[in-house]
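There are 4 protein chains.
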Amino acid sequence: MSEEMEQWIQEMLRVSDADDRMTDKQIKIINAAVETFSAKGFAGSSTSEIAQKAGVAEGTIFRHYKTKKDLLISIVAPTMAKLIAPFVLKDFNKVLHSNYPNYEDFLRAVIRNRLEFVRNNLPIIKIMLHEIPFHAELQTQFKEHVGKKVFQRVKEIVEHFQKEEQIVSVPSTTVIRHAISVIIGFFLARFLLLPELDWNEEQEINYSIDFIMHGLAPRNK
Amino acid sequence: MSEEMEQWIQEMLRVSDADDRMTDKQIKIINAAVETFSAKGFAGSSTSEIAQKAGVAEGTIFRHYKTKKDLLISIVAPTMAKLIAPFVLKDFNKVLHSNYPNYEDFLRAVIRNRLEFVRNNLPIIKIMLHEIPFHAELQTQFKEHVGKKVFQRVKEIVEHFQKEEQIVSVPSTTVIRHAISVIIGFFLARFLLLPELDWNEEQEINYSIDFIMHGLAPRNK
Amino acid sequence: MSEEMEQWIQEMLRVSDADDRMTDKQIKIINAAVETFSAKGFAGSSTSEIAQKAGVAEGTIFRHYKTKKDLLISIVAPTMAKLIAPFVLKDFNKVLHSNYPNYEDFLRAVIRNRLEFVRNNLPIIKIMLHEIPFHAELQTQFKEHVGKKVFQRVKEIVEHFQKEEQIVSVPSTTVIRHAISVIIGFFLARFLLLPELDWNEEQEINYSIDFIMHGLAPRNK
Amino acid sequence: MSEEMEQWIQEMLRVSDADDRMTDKQIKIINAAVETFSAKGFAGSSTSEIAQKAGVAEGTIFRHYKTKKDLLISIVAPTMAKLIAPFVLKDFNKVLHSNYPNYEDFLRAVIRNRLEFVRNNLPIIKIMLHEIPFHAELQTQFKEHVGKKVFQRVKEIVEHFQKEEQIVSVPSTTVIRHAISVIIGFFLARFLLLPELDWNEEQEINYSIDFIMHGLAPRNK
DNA sequence: AATGAATGAGGATTCATTCAT
DNA sequence: CATGAATGAATCCTCATTCAT
Chain A
3 MSEEMEQWIQ EMLRVSDADD RMTDKQIKII NAAVETFSAK GFAGSSTSEI AQKAGVAEGT
63 IFRHYKTKKD LLISIVAPTM AKLIAPFVLK DFNKVLHSNY PNYEDFLRAV IRNRLEFVRN
123 NLPIIKIMLH EIPFHAELQT QFKEHVGKKV FQRVKEIVEH FQKEEQIVSV PSTTVIRHAI
183 SVIIGFFLAR FLLLPELDWN EEQEINYSID FIMHGLAPRN K
Chain B
3 MSEEMEQWIQ EMLRVSDADD RMTDKQIKII NAAVETFSAK GFAGSSTSEI AQKAGVAEGT
63 IFRHYKTKKD LLISIVAPTM AKLIAPFVLK DFNKVLHSNY PNYEDFLRAV IRNRLEFVRN
123 NLPIIKIMLH EIPFHAELQT QFKEHVGKKV FQRVKEIVEH FQKEEQIVSV PSTTVIRHAI
183 SVIIGFFLAR FLLLPELDWN EEQEINYSID FIMHGLAPRN K
Chain C
3 MSEEMEQWIQ EMLRVSDADD RMTDKQIKII NAAVETFSAK GFAGSSTSEI AQKAGVAEGT
63 IFRHYKTKKD LLISIVAPTM AKLIAPFVLK DFNKVLHSNY PNYEDFLRAV IRNRLEFVRN
123 NLPIIKIMLH EIPFHAELQT QFKEHVGKKV FQRVKEIVEH FQKEEQIVSV PSTTVIRHAI
183 SVIIGFFLAR FLLLPELDWN EEQEINYSID FIMHGLAPRN K
Chain D
3 MSEEMEQWIQ EMLRVSDADD RMTDKQIKII NAAVETFSAK GFAGSSTSEI AQKAGVAEGT
63 IFRHYKTKKD LLISIVAPTM AKLIAPFVLK DFNKVLHSNY PNYEDFLRAV IRNRLEFVRN
123 NLPIIKIMLH EIPFHAELQT QFKEHVGKKV FQRVKEIVEH FQKEEQIVSV PSTTVIRHAI
183 SVIIGFFLAR FLLLPELDWN EEQEINYSID FIMHGLAPRN K
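In structure tokens form, the structure reads like this:
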């Protein structure tokens, strides 16, 4: 792997791990809330249970977070930002201007990186998945950030490689959907559907990349 | 398309549409519950709201469904069964013994058929997605039916074509995951993420099949 | 025992066993209600449970008994009447005019007879005990029948024997209370507090009569 | 009366009056609950009525008592304990080793003392009587404490006096039942059946003791 | 007579949130 | 800052009773 890319990966890691300053009790509350929301869903969790699990008084939660929903937002929003952080790095599509003969290594680096991120933030990712449909604020944030910024960046890359005839000539939205489906499908299987299996992650990543590469390869008539 | 396959598709349709006999009020309750659960989630919906929406007394709900959860189950369970019904038809993998040169038409038939089913049962499908993680009964049913029966059938087909060297030599579980990811990815985008777009469904199905076919094609070194 | 007394006992039995005419369903309802009220109390029993136990529709109960309370009254009232029936027989205090040297045999006959009655109507007796304090109608009936009629009869007898100096010269109300306490104390222990014990009823009756006789015997200074 | 006995009576009083520390609202809730349960029975009382009577929000009840039944137990259990407290004082049967020629004074002291206790706790005593049959926890406590501990103590005394031939030679269980029946019979008449009467309590106690003493006196053939 | 679906008031209990300490 | 008692609206659910069939 090129040195350039390694630097980029370091950047990606740095960006994801920025942590806000919080008091000891706040951290306990957040942890308890994450655990509870993740296990029972937002609507199925009670603030009293969270307080108990956090070892604080019921009132303490509301000193830090005006409402229960506030608590949810302040858990999900930063993680959603971190989840897509690498894609909005200003040098994300540096790959375009490098002299890579292909995008395979790049794809592999991104997958590995996000795999780690998901692994380390699994409960919050679950909360995101479950709650986005029910909370306008989260939907807005999701559509804005993921739907626009990320999509825009990825689209540029895809269309670049299409111009170079390294990717089949199919609407770029479709190309993106296919690729992302395969990757997210892997993440879901790995962490949500069959986490108990004995996964060979490197191999599966390779299979997935291989599948995507062949699926997207230009058609030779 | 062969006549045989057309018959099978008819069979698939027939199986999916069997409808239970219910009283007028029961239907109203179910419809109101589907609408509400789908919009706010199970835990976020109140029985009083459902009753009001259904135009019945709150007590009437509990005459027909012992608990609120009962109401959920009796909505989700049959639809989950219908969702996978085609896969457990005894002649589902008839394709194996036919003389198709490939499995493309078969795949297209299944996708089209399930696309229609999802379209016609969208709110319930949403409920399924949201609630399965929180209800042991639904999880059990899902793992049992989808995880075991459907997977088994599909695996047979995949391994059959692998033996005939029409599919790349990769673990069948991985093959299945890739194909399903692409299809479900399409369904999610079509109905949940970007339903407001002006979709050319036939074309997208073709792209997806094309992507899968190339992604799964045997590698020629 | 005298022949006269035996006749009286026969009369007592006859009076207690008069049974009202009821339809088959009515009998089932009453039995179910007795069972339920006795086990859970009136307020703790639901008409739906009674209907279920009786094998009739919920509405059927209300065809025969206007309200749930009606059902209670129509169970308790007749049994309360039967419970005191012997005491209001017009020849109850025939004992006064017989030439008995004492009242022992008479007391024994009454105790035995009421013991049988209680044994055969235990659940209803329980209901009476529990519900009289909470239902004005039952209280009225109880005070009227038991408190007045029975008390009047017994008082005459007691005062008769006091005049004959066979009973200690103590207020007749106190005498009656003492005797009844001992008898009812026995019934309660026998059937409610320690029903599982292996009771020698005849012997206990003798002990109780003996205790009463000595307790009430005229004091010899 | 001996000085020794007077001391014992003081001890008895002290033990009965120990009062738990409770907040102002808790006291109001308990008082309202006692009043309501006593008047309508446990099952016939609603928590909303109790809250209203106590002048607190309904939720407040459940902050202090997890369930309505909890509220009942926390009312009845301590009173049941206090009711029998004198009998389990370690010097209760001190009477055995004193040089009393008889047990009359002792019996009178106990009756007077418990009469006062019942007078001061009448509503709770009523609740006890009504609810013990319907609540396993109360039954257990009753059988354990009253049935075992009290009975054991009293039995020792009775058998002691039987050995000394001051009590008739009849099974001690029967002796106890007779004595207790007379005393409880008096209490019930005094407070529950005919509370409106103008009772001369001291005289009735004397009559009852007299009745018991004669009823239990050794038989002279 | 009998049914049982339907009712809506009322049941116990939970909840997010407030506020005096 | 933190507490936890207090709130009262809202929750799910049960109930006695009615009424069309």
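Protein chains in written order, with the numbering used here: chain A, 3 to 223; chain B, 3 to 223; chain C, 3 to 223; chain D, 3 to 223. C-beta: ideal position from N, C-alpha, C; glycine also. Quick caveat, the model's predicted, so the values are computed rather than measured.
Beta-carbon neighbours of residue i, restricted to chain A and to distances below 8 Å
{"i": "S48 of chain B", "result": "Under the 8 Å cutoff, chain A gives no residues; its nearest Cβ is about 10 Å from S48 of chain B."}
{"i": "M188 of chain B", "result": "First, the amino acid is wrong: residue 188 of chain B is Phe here, not Met. Going along chain A in sequence order, the residues near F188 of chain B (Cβ under 8 Å) are R179, S183."}
Chain-ordered chain C contacts of residue i [CB-CB under 7 Å]
{"i": "Y209 of chain D", "result": "V172, T176"}
Chain C contact for residue i (CB, 8 Å cutoff)
{"i": "V78 of chain D", "result": "no"}
{"i": "G43 of chain D", "result": "yes"}
{"i": "A35 of chain D", "result": "no"}
{"i": "G61 of chain D", "result": "no"}
Where residue i meets chain D, residues with beta-carbon distance less than 7 Å
{"i": "V184 of chain C", "result": "H180, S183, V184"}
Chain B contact for residue i (CB, 8 Å cutoff)
{"i": "A138 of chain A", "result": "no"}
{"i": "I1 of chain A", "result": "With chain A represented from 3 up to 223, any question about residue 1 of chain A goes unanswered, as that position is not in the structure."}
{"i": "G57 of chain A", "result": "no"}
Short CB-CB distance (under 8 Å) between residue i and chain A
{"i": "E206 of chain B", "result": "yes"}
{"i": "A20 of chain B", "result": "Confidence at A20 of chain B is low in this model, with a pLDDT of 48, below 50, so its placement is unreliable and the value that follows should be read with caution. Chain A contact via Cβ: absent."}
{"i": "H162 of chain B", "result": "no"}
{"i": "D200 of chain B", "result": "no"}
Reference residue i, options the options, closest by Cα
{"i": "P220 of chain B", "options": "A:H216, A:N222, A:P220", "result": "A:H216"}
{"i": "I207 of chain C", "options": "C:T142, C:I113, C:I182", "result": "C:I113"}
{"i": "H68 of chain B", "options": "B:I86, B:T49, B:R179", "result": "With the sequence shown as reference, residue 68 of chain B is identified as Lys, and His is not the correct amino acid for it. The option with the nearest alpha carbon to K68 of chain B is B:T49."}
{"i": "Q143 of chain B", "options": "B:S183, B:L85, B:F189, B:T176", "result": "B:L85"}
{"i": "H132 of chain B", "options": "A:R179, A:I185, A:G46, A:A34", "result": "A:G46"}
{"i": "T81 of chain B", "options": "B:L124, B:A53, B:K71", "result": "B:L124"}
{"i": "L140 of chain C", "options": "C:A83, C:E198, C:I52", "result": "C:A83"}
{"i": "S40 of chain B", "options": "B:I129, B:H180, B:I52", "result": "B:I129"}
{"i": "V78 of chain D", "options": "D:N95, D:A138, D:V90, D:D93", "result": "D:A138"}
{"i": "L91 of chain D", "options": "D:E106, D:Y105, D:I63, D:Q154", "result": "D:Q154"}
{"i": "L74 of chain C", "options": "C:K27, C:I126, C:P197", "result": "C:I126"}
{"i": "D26 of chain B", "options": "B:I63, B:K165, B:V152, B:A111", "result": "B:I63"}
Per-residue contacts from residue i into chain C (C-beta, under 9 Å)
{"i": "A225 of chain D", "result": "Examination of residue 225 of chain D is not possible in this model, given that chain D is present from 3 through 223 alone."}
Residues that residue i contacts on chain B, provided the C-beta gap is smaller than 9 Å
{"i": "A87 of chain A", "result": "Neighbours of A87 of chain A on chain B: none; closest Cβ ~21 Å, over 9 Å."}
Interface residues of chain A facing residue i [CB-CB closer than 9 Å]
{"i": "A83 of chain B", "result": "Per Cβ cutoff of 9 Å: no residues; A83 of chain B is ~19 Å from chain A at best."}
Min CB distance residue i to chain D below 8 Å
{"i": "H66 of chain C", "result": "no"}
{"i": "A53 of chain C", "result": "no"}
{"i": "E203 of chain C", "result": "no"}
Chain-ordered chain B contacts of residue i [CB-CB under 8 Å]
{"i": "H147 of chain A", "result": "Ordered by position in chain B, no residue passes the 8 Å Cβ test against H147 of chain A, which lies about 14 Å from the chain."}
Beta-carbon neighbours of residue i, restricted to chain C and to distances below 8 Å
{"i": "A219 of chain D", "result": "H216"}
| query | Are at least three pairs of beta-carbons, each pair with one atom in the region 175-195 of chain D and one in the region 116-126 of chain D, less than 8 Å apart? | reply | Segment contact: the region 175-195 of chain D against the region 116-126 of chain D, three or more CB-CB distances shorter than 8 Å; contact assigned.
| query | Given 8 Å as the limit, is there contact between the region 56-64 of chain A and the region 144-159 of chain B, that is, 3 or more CB pairs closer than that? | reply | No, the region 56-64 of chain A is not in contact with the region 144-159 of chain B.
| Segment contact, 8 Å Cβ cut-off, at least three pairs: the region 67-81 of chain C with the region 28-35 of chain C | Output reads yes: the region 28-35 of chain C touches the region 67-81 of chain C.
| message | Quick check: the region 182-189 of chain C against the region 170-181 of chain D, are at least 3 beta-carbon pairs closer than 8 Å? | response | The region 170-181 of chain D makes contact with the region 182-189 of chain C; the number of CB pairs closer than 8 Å reaches 3 or more.
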